[in-house]
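Those protein sequence lines, which keep their order, are chains A and B.
Per this note's numbering, residue 700 is the first one in the first sequence, and the count goes up by one each step.
Per this note's numbering, residue 700 is the first one in the second sequence, and the count goes up by one each step.
Structure record follows, encoded as structure tokens.
There are 2 protein chains.
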Amino acid sequence: MASPIPIHAQLSPRRRGPASGPRLETRFDRRLARILVYATHVFYDKGYAAASMRDLSRASGVSLSGLYYYFESKEELLYLIQKHTFTTIVDRLRRRLEEVADPVERIRLFILNHLEYFLANQKAMKVLSHEDDVLKNGFGAEIAAIKREYYQICMELLDHYKQARGLEFSSRTAVLSLFGMMNWIYTWYNPRVDADAVELAREMGDIFLRGIGAGSAKAPQKKKPATSN
Amino acid sequence: MASPIPIHAQLSPRRRGPASGPRLETRFDRRLARILVYATHVFYDKGYAAASMRDLSRASGVSLSGLYYYFESKEELLYLIQKHTFTTIVDRLRRRLEEVADPVERIRLFILNHLEYFLANQKAMKVLSHEDDVLKNGFGAEIAAIKREYYQICMELLDHYKQARGLEFSSRTAVLSLFGMMNWIYTWYNPRVDADAVELAREMGDIFLRGIGAGSAKAPQKKKPATSN
DNA sequence: CCATTGTTCGAACGTTCGTTCAAATAATAG
DNA sequence: CTATTATTTGAACGAACGTTCGAACAATGG
């Protein structure tokens, strides 16, 4: 229980991760990935804290001690899930944003990308959203950094939009409201009742873009001269 | 019909709750209420599953076994917190809604009531929002019923507004988006940085009402329509 | 004073937790 | 084949968990 925080060094028998090796994806990696899928299901169902390694052992068919051949602790397990999920969604977003220039369309793309991935990987996204601040120290810092990056992208999209339209509103409240709308989905979404990602992205995009689209509200309120944010 | 749901009968030494008695608020009730406050803090910090009765014992200064004089299980503890929090917010809302008739103002009042209570009781509201589906059977059913009631009120407010303005949009998506905006707050709100409840309610009210205010957005938009304001 | 009732507590119960480890098995190379 | 490495496991560890229980303490009324 006392490590100098190299995350997961070569403490395990042999090479870990897709480093230098004969194959790009080793048997080890494939097996680990499979376990991570089961772990995602278990954490989704019971929550990280209430889920036990024995639950995962039962679900995955791997013996309790056998699991520890693939990772060093339950906490690293959560970290691996969150890291993979979050980096995937950010990478996808970056790639798709390269092909769109219009500020409005870029925001709509952000929403669409988020919801598409959210609904296609609902369990992983709940584990990411719900177990937000359970990781500590190194693990927690790394996930927090990705989160900040993702938030920053959205903030920039919004600021460009504001600038292009000469609007004034609190970007922080707007961005966080948007995240709230989108991330809350895991508490209510039912594929039998609710629309798919494209339709949902359109609806939420409408609400959000229209919501921030015009000037300040009808009633005379505080005057905010120039400084935004 | 499952069970008559007596929740917690008179299994405890003597009378429980503010039933018939010499005083309206017994010493027992006051002491229990104090423990519930500590429990709220503990659940807020560590999450329900990860928080232990020993944590609560330490925080409250009551011995581990002494706690069980006031409730029968950890689960009932969470139930008591959630029940009190939820019924209070609904009761307050009902009372305030009686004094407002205008459909728009009623929606704004709903948002304000929610945010005021949310920020004034942030820890309890996180425990309510975050530990959403951990209560089982009788306890879970009772909280779920209040939740449905609260949701229903919001839905009716929105439907009246739709009818009054002749609008068309998915009430379900709209209501759940609004809840998402509001409930997500517990993940980011910082009283040193963010505005107070009144201001926040105005901002979110603007986004939401404007967002649903115009006609349905079926037409693909390239340019912003020339609506003034 | 005693008797009664309401309240608190230390100590322990049985269970489950995350994790370890030496030994056993499967796969691979020489 | 044998030797080496990669993978899997049963059994067990100490710690922590929620909960129980009988004794002790405090308050009150006779």
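Glycine included, every Cβ here is placed at the ideal spot set by N, Cα and C.
{"query": "Cβ atoms of B/Leu899 and B/Asp893: under 8 Å apart, would you say?", "result": "yes"}
{"query": "Return no unless some Cβ of chain A is closer than 8 Å to the Cβ of B/Pro721.", "result": "For B/Pro721, the pLDDT reaches just 43, beneath the cut-off of 50, and the residue's location in the model is therefore unreliable, although a value from the coordinates is still provided. Not one chain A Cβ lies under 8 Å of B/Pro721."}
{"query": "Is the number of C-beta pairs between the segment 817-834 of chain B and the segment 738-747 of chain B that are closer than 8 Å three or more?", "result": "yes"}
{"query": "Output, in sequence order along the chain, the residues in the segment 869-884 of chain A whose CB is closer than 9 Å to any CB in chain B.", "result": "Ser869, Arg871, Thr872, Ala873, Leu875, Ser876, Leu877, Phe878, Gly879, Met880, Met881, Asn882, Trp883, Ile884"}
{"query": "Whose C-beta lies closer than 8 Å to the C-beta of B/Asp832 among residues of the same chain, with five residues either side of it excluded?", "result": "Gly839"}
{"query": "From the DSSP output, in three-state form, read off A/Phe817 for me.", "result": "helix"}
{"query": "Can you give me, in chain order, the residues of the segment 726-753 of chain B that have a beta carbon less than 7 Å from any beta carbon in chain A?", "result": "Gly746, Ala748, Ala749"}
{"query": "Quick one: complete alpha helix (DSSP H) runs, 4+ long, within the segment 760-791 of chain A?", "result": "763-766"}
{"query": "Cβ of A/Met700 less than 8 Å from any chain B Cβ?", "result": "Low confidence applies here, because A/Met700 scores a pLDDT of 33, under 50, leaving its location unreliable and the question unanswered by this model."}
{"query": "How is B/Ser751 classed by DSSP in three states: helix, strand or coil?", "result": "coil"}
{"query": "Go through its chain and collect everything with a Cβ distance to B/Tyr767's Cβ below 7 Å, but skip five positions before and after it.", "result": "none"}
{"query": "Would a C-beta distance cut-off of 8 Å place B/Trp883 and A/Gly879 closer than the cut-off?", "result": "yes"}
{"query": "Can a CB atom of chain A be found closer than 8 Å to the CB of B/Thr784?", "result": "no"}
{"query": "Using the Cα positions of A/His813 and B/Val761, report the straight-line distance between them to the nearest angstrom.", "result": "46 Å"}
{"query": "So, helix, strand or coil for B/Thr725, using DSSP?", "result": "coil"}
{"query": "What does A/Phe907 touch in chain B if you count any residue whose Cβ is under 9 Å from its own?", "result": "Ser876, Ile906, Gly910"}
{"query": "Relative to the C-alpha of A/Met854, which candidate in A/Tyr743, A/Arg805, A/Thr725, A/Arg753 has its C-alpha closest?", "result": "A/Arg805"}
{"query": "Nearest to B/Gln821 by CA position, among B/Ala758, B/Ile788, B/Leu731, is which residue?", "result": "B/Ile788"}
{"query": "Could you pull the start and end residues of the alpha helix (DSSP H) that B/Thr668 belongs to?", "result": "The question about residue 668 of chain B has no answer here: the residues shown for chain B are numbered 700 through 928."}
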